[in-house]
Amino acid sequence: AQRVTQPEKLLSVFKGAPVELKCNYSYSGSPELFWYVQYSRQRLQLLLRHISRESIKGFTADLNKGETSFHLKKPFAQEEDSAMYYCALISGGSEKLVFGKGTKLTVNP
Amino acid sequence: GAGVSQSPRYKVAKRGQDVALRCDPISGHVSLFWYQQALGQGPEFLTYFQNEAQLDKSGLPSDRFFAERPEGSVSTLKIQRTQQEDSAVYLCASSLYGFEQYFGPGTRLTVT
């Protein structure tokens, strides 16, 4: 069965510090991996997906098939990065997203 | 342009009542998805349409849940005889092709 695990429910860092939000997945094939973000009082929105290999708002994520991980990283966190972050996957042949439980990131001044 | 809209934004229902939640996708989007998000959890898939065809309803938790999209645009998620465990935020998302799904603001359902 497909599963996405985000081991940290809460993560707190200081402004300017590096941040890494962990995501591990279980799926036997080759999934598409995503990070979604939800800022306070806003709707869920796509942050980045591994196939595009883009850096959005300074965030990057590398798919490590050996470790089945897709950790989200940013070298210097900003206060406006405070939000709820969800890792998700789509398995081949389907369009439905399978989400992790989310990590709440707080960037302190 | 306008994003995905959902109505009502909040709904309080007494246990046993039927509710209907509406989703207006982005115009021209072929695919439409419903997710349920319980407090402190990530969204969980309920069902998926491509145009008017319901291609996957494997996530619907019971036969009290029913979704339709009769003309391939607006969709309604209906919950019959609501139970307390149905309390959650119900999210709708739409996509054109491929994998980027655009989410609505959600409907928060509280069953008392």
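If you're matching them up, the sequences are chains A and B in order. Numbering follows my numbering, in which position 101 of the first sequence is assigned residue number 101; successive positions increment by one, without gaps. Numbering follows my numbering, in which position 84 of the second sequence is assigned residue number 193; successive positions increment by one, without gaps. The beta carbon of each residue, even a glycine, is placed where N, CA and C say it ideally should be. Since the structure is predicted, the reported quantities are computational estimates derived from the model, not experimental observations.
Within the region 74-102 of chain A, 86, 87, 88, 90, 94, 95, 96, 97, 98, 99, 100, 101 and 102 place their CB atoms closer than 9 angstroms to a CB of chain B, listed in sequence order.
Taking C-beta atoms as the reference points, residue 121 (chain B) and residue 219 (chain B) count as a pair closer than 7 angstroms.
In the three-state reduction of the DSSP assignment, residue 81 (chain A) falls in the helix class. Annotation: residue 111 (chain B) is outside any beta strand (DSSP E) and is labelled neither H nor E by DSSP. For the options B:205, B:198, B:190 and B:197, the alpha carbon positioned closest to that of residue 123 (chain B) is the one of B:190.
Nearest Cα to residue 32 (chain A) within the set A:66, A:52, A:59 and A:85: A:52.
Taking 7 angstroms as the cut-off, the Cβ atoms of residue 99 (chain A) and residue 151 (chain B) count as close. When DSSP assignments are scanned along the region 1-65 of chain A, no uninterrupted stretch of alpha helix (DSSP H) that is 4 or more residues long falls wholly within it. The residue among B:182, B:205, B:210 and B:177 with its C-alpha nearest the C-alpha of residue 129 (chain B) is B:177.
By the Cβ neighbour-count rule, residue 76 (chain A) is exposed, with fewer than 16 other Cβ atoms within 10 Å of its own. With respect to chain A, the C-beta atom of residue 151 (chain B) has a partner C-beta closer than 7 angstroms.
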